[in-house]
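**Student:** First the structure, then my questions, so here it is.
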Ligand SMILES: Cc1ncc(COP(=O)(O)O)c(C=O)c1O
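Protein chains in written order, with our numbering: chain A, 20 to 272; chain B, 11 to 403.
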């Protein structure tokens, strides 16, 4: 069983953290991951920076631009992660846009992830049907879980289709927006969380986008299995050292 | 071989809709409806009537006698520069605003580089009384001040794109993000034959009026429907797609696509995507684009803001790959020279984008009895400052 699937069976609400690899400094990747695990985080999304992150708001855009300026590349990230499984046990997911993976070669990319002990991928601009037709076999060959997004606009029919080809969790985008642009959840979110929860999907859902503190974490996990924090954590890293990560995590739960 | 889009949205191996799930409902709504809407007789009537009475179509097909004499062949100019707002861009914005209205959208967004598409969008929004927001790179806002003013006068809000390189590519990113943030009430009018399916096909169909007219105009003037060559400049490829459309499957018609070489193909300052690009994904479609080995999209360069785009529409990637079109690239210097030459030989000041297409006559020799139609995609008023600086006028 994949580490993600194991983690999802634990009887607790999960906290997952996204960060952009190469930010604030090129070589922070490993120590950020280690500090996150030490602080009790359940799962990590390692962002592979892209020049044109369409689904991201200003915070993640800026961290991506900075990471690329610092010299981050796919190759360098893979090198940094070469011994990661000697010290880190929690599930690790790479989140990135499709073009860098395509240029690396999708099969080569998956193979490398498998060798390094990466458990899954989130690729916002790889559409579900293209994945199913062209890449699902490759992902499965290397034991990688591909995570799909749903939004408040996604039809029930499509959610059921996404559920049918997922084998980990569903990334439930909290509102119709790019990352980092929410402040607090209202009735709309509650109705949406409840609606999805009542669909009895086979894959648990983890909520992302707009989670930035204890209140939003609790609200999101009232219905869902867990929550993902990205922009708020990146903002924290802008003003704090990697050694202080524990402070951020304890403020969330 | 087919050069049209297939039902999955591909031209050969290029195209598709590589979009985040957040955009799926918007793009899917458009995909399911665009052909239906375009086939409605009320739509056709309104579209044709606006093209005629508002845009001023048909645009003339003009035999450029002195230019033909100089290059010892027969050069016809398809005068898109005479359209309302000064370029071909309005053919597409008229079509898309009518689609947007039928989809019940009341908020319109667009990206723009040189400002031509932004002006054409602001114009149709004023015409229809719809809210208009145009994203434009901060750097382009500074270098295209007159078009920014025109958009404002037309009632549009111009929002600077502050991310990345702050030019057309980033303005497009910002427009896409806006659409993600406003999935229900907003239509995104893309300005070229780029983006996720169905955009390249929809834009191409609206621009195809160019080649439709060329056909009957040639018939009327010369008794033949097909030229020997059709020539157009390519930024994302909308004026080119429209100019080629009805000739794609006429094997006797040769197609020439002209890209901007900037300071030269090997200078590192170029926008010649078919030469410097590799297959990849940009703004939701699989096509040729300029990128690093690592898959990061790079910044192109051209003196003309309208050709300063790191990708090319998927139809053109397919025309390049299959060899159906011959791709040429023209430097800043050659384009500027050709622009001035058209002024002096024909009394027409072309857009600098268009001047790239005109510059091929220095490099490609045509036969005396060849019939060459060039898309004169736009007029040069917007480029006066660049012409002034370049020629120290
Ligand atoms: C006059 C003119 N020609 C050509 C272009 C290039 O666009 P496309 O390749 O979509 O025709 C532009 C774009 O701004 C333009 O203004």
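The beta carbon of each residue, even a glycine, is placed where N, CA and C say it ideally should be.
Which residues in the same chain as residue 82 of chain A place their Cβ atom closer than 6 Å to its Cβ, once the five residues preceding and following it in sequence are excluded?
**Tutor:** For residue 82 of chain A, where only same-chain residues beyond five positions count, the Cβ hits under 6 Å are 39, 42, 253.
**Student:** Buried or exposed for residue 134 of chain B, going by 16 or more other Cβ atoms inside 10 Å?
**Tutor:** Classification for residue 134 of chain B: buried.
**Student:** Identify each residue in the stretch 12-35 of chain B for which the Cβ-Cβ distance to at least one residue of chain A is less than 8 Å, and report them in chain order.
**Tutor:** Cβ contacts with chain A come from 26, 27, 28, 29, 30, 31, 32, 34, 35.
**Student:** If you draw a straight line from the C-alpha of residue 221 of chain B to the C-alpha of residue 92 of chain B, how long is it?
**Tutor:** Approximately 16 Å, taken between the alpha carbons.
**Student:** Does residue 235 of chain A come within less than 8 Å of chain B when only Cβ atoms are used?
**Tutor:** So no, residue 235 of chain A is outside the interface.
**Student:** When the Cα of residue 3 of chain B is compared with those of B:56, B:291, B:87, B:268, which residue comes out closest?
**Tutor:** Since the first residue shown for chain B is 11 and the last is 403, residue 3 of chain B is missing from the structure and cannot be characterised.
**Student:** Is residue 248 of chain B buried or exposed, if buried means 16 or more other CB atoms sit within 10 Å of its CB?
**Tutor:** Looking at its Cβ environment, which holds 16 or more other Cβ atoms inside 10 Å, residue 248 of chain B is buried.
**Student:** Answer yes or no: the CB of residue 229 of chain A versus the heavy atoms of ligand 1, is any distance below 7 Å?
**Tutor:** Checking every heavy atom of ligand 1 against the Cβ of residue 229 of chain A, none is found closer than 7 Å.
**Student:** Please state if the CB of residue 44 of chain A and the CB of residue 89 of chain A are separated by a distance shorter than 8 Å.
**Tutor:** For residue 89 of chain A and residue 44 of chain A, yes; Cβs fall inside 8 Å.
**Student:** For residue 198 of chain B, list the residues DSSP reports as bridge partners.
**Tutor:** Note: residue 198 of chain B sits in a beta bridge opposite B:119.
**Student:** Per DSSP, what kind of secondary structure is residue 7 of chain A in: helix, strand or coil?
**Tutor:** Residue 7 of chain A falls outside the range modelled here, since chain A spans only 20 to 272, and no answer is possible.
**Student:** Applying a beta-carbon distance threshold of less than 7 Å, which residues of chain B neighbour residue 80 of chain A?
**Tutor:** Residues of chain B passing the Cβ test: 173.
**Student:** Taking the straight line between their C-alpha atoms, what separation do you get for residue 180 of chain A and residue 151 of chain A?
**Tutor:** Taking the straight line from one Cα to the other gives about 11 Å.
**Student:** Any idea what DSSP makes of residue 17 of chain B, helix, strand or coil?
**Tutor:** The answer is coil: DSSP assigns residue 17 of chain B none of H, G, I, E or B.
**Student:** To the nearest angstrom, how far is it from the Cα of residue 292 of chain B to the Cα of residue 219 of chain A?
**Tutor:** Whole-angstrom Cα-Cα distance: 36 Å.
**Student:** Output, in chain order, the set of chain A residues within a Cβ distance shorter than 7 Å of residue 304 of chain B.
**Tutor:** Under the 7 Å cutoff, chain A gives 92, 93, 119, 122.
**Student:** Note down, in chain order, each residue of its chain lying with its Cβ closer than 8 Å to the Cβ of residue 313 of chain B, except the 5 sequence neighbours on either side.
**Tutor:** For residue 313 of chain B, where only same-chain residues beyond five positions count, the Cβ hits under 8 Å are 270, 272, 342, 345, 346, 362, 396, 400.
**Student:** If we ignore side chains and look at the alpha-carbon of each, how far apart do residue 268 of chain B and residue 392 of chain B end up?
**Tutor:** Spanning the two alpha carbons is a distance of roughly 21 Å.
**Student:** How many angstroms separate the CA atom of residue 224 of chain A from the CA atom of residue 193 of chain B?
**Tutor:** Cα to Cα, the separation comes out at about 22 Å.
**Student:** Output, in chain order, the set of chain B residues within a Cβ distance shorter than 8 Å of residue 149 of chain A.
**Tutor:** Correct list: 26, 28.
**Student:** Along the beta strand (DSSP E) that carries residue 164 of chain A, what are the first and last residues, could you check?
**Tutor:** First-last of the beta strand (DSSP E) with residue 164 of chain A: 164-166.
**Student:** The alpha helix (DSSP H) with residue 184 of chain B in it runs from where to where?
**Tutor:** Its alpha helix (DSSP H) spans residues 178-191.
**Student:** Relative to chain B, which residues along the stretch 185-197 of chain A have a C-beta separation below 8 Å, given in chain order?
**Tutor:** Flagged, chain order: 192, 195, 196, 197.
**Student:** What's the C-alpha gap between residue 72 of chain B and residue 374 of chain B?
**Tutor:** The alpha-carbon atoms of residue 72 of chain B and residue 374 of chain B are separated by roughly 21 Å.
**Student:** Any heavy atom of ligand 1 closer than 7 Å to the CB of residue 317 of chain B?
**Tutor:** Answer for residue 317 of chain B: yes, Cβ within range of ligand 1.
**Student:** Out of curiosity, what's the CA-to-CA distance linking residue 249 of chain A and residue 324 of chain B?
**Tutor:** When rounded, the distance between both Cα atoms is 33 Å.
**Student:** Please work out which residues of its chain come closer than 7 Å, Cβ to Cβ, to residue 47 of chain B, disregarding the five sequence neighbours upstream and downstream, and give them in chain order.
**Tutor:** Answer for residue 47 of chain B: 53, 109, 112, listed in chain order.
**Student:** Output, in sequence order along the chain, the residues in the stretch 190-210 of chain B whose CB is closer than 7 Å to any CB in chain A.
**Tutor:** Residues passing the 7 Å Cβ filter: 190, 191, 193.
**Student:** If we cut at 8 Å on Cβ distances, does residue 436 of chain B have a partner in chain A?
**Tutor:** Since the displayed chain B opens at 11 and closes at 403, residue 436 of chain B lies outside it and no answer follows.
**Student:** I want to see whether chain A comes within less than 8 Å of residue 290 of chain B, judged by CB atoms only; does it?
**Tutor:** Interface residue, yes.
**Student:** Suppose only complete runs of 4+ residues qualify. What are the alpha helix (DSSP H) ranges in the stretch 61-89 of chain A, listed by chain order?
**Tutor:** Taking only runs of at least 4 residues, the alpha helix (DSSP H) segments lying wholly in the stretch 61-89 of chain A are 77-88.
**Student:** Taking just the CA atoms, how far does residue 135 of chain A sit from residue 105 of chain B?
**Tutor:** One C-alpha to the other measures close to 51 Å.
**Student:** Anything in chain A within Cβ reach of residue 179 of chain B, meaning under 9 Å, just list it in chain order.
**Tutor:** Going along chain A in sequence order, the residues near residue 179 of chain B (Cβ under 9 Å) are 70, 71.
**Student:** Taking 8 Å as the cut-off, decide whether the C-beta atoms of residue 35 of chain A and residue 247 of chain A are in contact.
**Tutor:** Yes; because the gap between Cβ atoms is below 8 Å, this pair is in contact.
**Student:** Let me know the secondary structure DSSP gives residue 279 of chain A once reduced to three states.
**Tutor:** This structure does not reach residue 279 of chain A, given that chain A is present from 20 up to 272, and the question cannot be answered.
**Student:** Interface residues of chain B around residue 180 of chain A at Cβ under 7 Å?
**Tutor:** By Cβ distance, chain B contributes nothing, its closest Cβ being about 11 Å from residue 180 of chain A, past 7 Å.
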